[in-house]
Amino acid sequence: MSFTVAIDGPAASGKGTISRAVAAHFGFAHLDTGLLYRAVGGRMLDGLDPVEAAERLDPADLERGDLRRPEVAQAASRVAAIPEVRAALVDFQRAFAARAGGAVLDGRDIGTVICPEAPAKLFVTASDTIRAERRYRELAAKGVETTFDAVLAEMRERDARDSDRAAAPLKPAEDAVILDTSQMSIDEAVAEAVAAIEARRS
Ligand code: DC
Numbered sequence: 002m003s004f005t006v007a008i009d010g011p012a013a014s015g016k017g018t019i020s021r022a023v024a025a026h027f028g029f030a031h032l033d034t035g036l037l038y039r040a041v042g043g044r045m046l047d048g049l050d051p052v053e054a055a056e057r058l059d060p061a062d063l064e065r066g067d068l069r070r071p072e073v074a075q076a077a078s079r080v081a082a083i084p085e086v087r088a089a090l091v092d093f094q095r096a097f098a099a100r101a102g103g104a105v106l107d108g109r110d111i112g113t114v115i116c117p118e119a120p121a122k123l124f125v126t127a128s129d130t131i132r133a134e135r136r137y138r139e140l141a142a143k144g145v146e147t148t149f150d151a152v153l154a155e156m157r158e159r160d161a162r163d164s165d166r167a168a169a170p171l172k173p174a175e176d177a178v179i180l181d182t183s184q185m186s187i188d189e190a191v192a193e194a195v196a197a198i199e200a201r202r203s
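Just so we're aligned, residue 2 is where the sequence shown starts under our numbering, counting upward by one.
Right under this line is the structure:
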């Protein structure tokens, strides 16, 4: 039987960590849909047409080693505003969501556009300074040279583009449970997410 968990939210809100933990807890498969847009953004940086890149996306493209880089994140956010790019990625995401055994998808429009019928929807958020702090620490640990101010500015630019675009903008579904992780540890946030999903399973 399929059971879809839709988890949306802005960059570095904790949705990726929560999604992986929730998937492991329930034994569900997990898809980080941001990787699809990052793979298309990476292809655009290689010089390809983004719509063509999205139409020809191969699961192997999701394994590229550079998809977490800040310039790929910005490119992902730019290609994500193109309706034809989004349309080319819908079927893959919906097929993943419908797989037997349950699925967790995280992104920006999972609860609103990709899986509006999902029985469990979460919108994970946190203040932008806390999110930038988390992302800065992640990048610094990987040896990427940057500053907190640069990360904060990049994040605000990306959030504004993702929220203000006409095609599937970032926003909570009406029936999403809002989880503000600003003052939560990872364990607390995961426990709240698991409880919210449990409540929709019965
Ligand atoms: O989740 P992320 O930071 O890896 O996503 C990278 C970009 O991809 C993000 O800025 C907007 C876009 N995206 C989207 O538009 N819709 C999704 N479901 C997932 C990501």
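For every residue, glycine included, the Cβ atom is placed at its ideal position computed from N, Cα and C.
Residue interval of the alpha helix (DSSP H) (run including Thr18):
By one-based count along the sequence shown, residue 18 stands at place 17. Residues 16-27.
Would you grab the beta carbon distance between Leu36 and Leu68 for me? Rounded to a whole angstrom, and I think it's under 8 angstroms.
Here residue 36 corresponds to residue number 35 of the sequence shown, with the count starting at 1. Here residue 68 corresponds to residue number 67 of the sequence shown, with the count starting at 1. Taking C-beta atoms under 8 angstroms as the contact rule, Leu36 and Leu68 qualify, at a distance of about 6 angstroms.
Just verifying my parser: in three-state terms, what is the DSSP assignment at Ile83?
On the sequence shown, residue 83 is found 82 positions in, with the first residue counted as 1. Ile83: coil per DSSP, three-state reduction.
Specify, as a first and last residue, the run of the alpha helix (DSSP H) that Leu171 falls within.
Along the sequence shown, read from residue 1 onward, the residue named residue 171 stands at position 170. Counted as a single uninterrupted DSSP element, the stretch harbouring Leu171 is not any alpha helix (DSSP H), since DSSP gives it neither H nor E.
For Ile8, which residues does DSSP report across the bridge?
If you number the sequence shown from 1, residue 8 lands on position 7. Beta-bridge pairing links Ile8 to Asp107, Leu123.
Does DSSP put Val178 in a helix, a strand or coil?
On the sequence shown, position 177 is the one that residue 178 refers to. Note: Val178 maps to strand in three-state DSSP.
Alpha-carbon to alpha-carbon, Glu64 and Leu180:
Reading the sequence shown from its first residue, position 179 is the one you call residue 180. Reading the sequence shown from its first residue, position 63 is the one you call residue 64. Roughly 29 angstroms between the two C-alpha positions.
Find out if the Cβ-Cβ distance for the pair Gly112, Phe29 is shorter than 8 angstroms.
Your numbering for residue 112 matches position 111 in the sequence shown. Your numbering for residue 29 matches position 28 in the sequence shown. No.
Mapping DSSP to helix, strand and coil, what is Ala13?
Within the sequence shown, the letter at position 12 stands for residue 13. Coil.
Ordered along the chain, which non-local residues of its own chain (more than five positions away) have a Cβ less than 6 angstroms from that of Asp62?
What you label residue 62 is simply residue 61 of the sequence shown in a count that begins at 1. Apart from sequence neighbours up to five positions away, the residues of its chain that approach Asp62 with a beta-carbon distance below 6 angstroms are Ala40, ordered along the chain.
Rounded to whole angstroms, what's the CA-CA distance from Pro11 to Gln75? Just pull it up for me.
Numbered from 1 along the sequence shown, position 10 holds the residue referred to as residue 11. Numbered from 1 along the sequence shown, position 74 holds the residue referred to as residue 75. For Pro11 and Gln75, the distance between alpha carbons rounds to 13 angstroms.
Using a Cβ-Cβ cutoff of less than 7 angstroms, which residues in the same chain neighbour Thr18 once the five nearest sequence positions on both sides are dropped?
Here residue 18 corresponds to residue number 17 of the sequence shown, with the count starting at 1. If we look at Thr18 and ignore the five residues flanking it on each side, its Cβ neighbours are Ile187.
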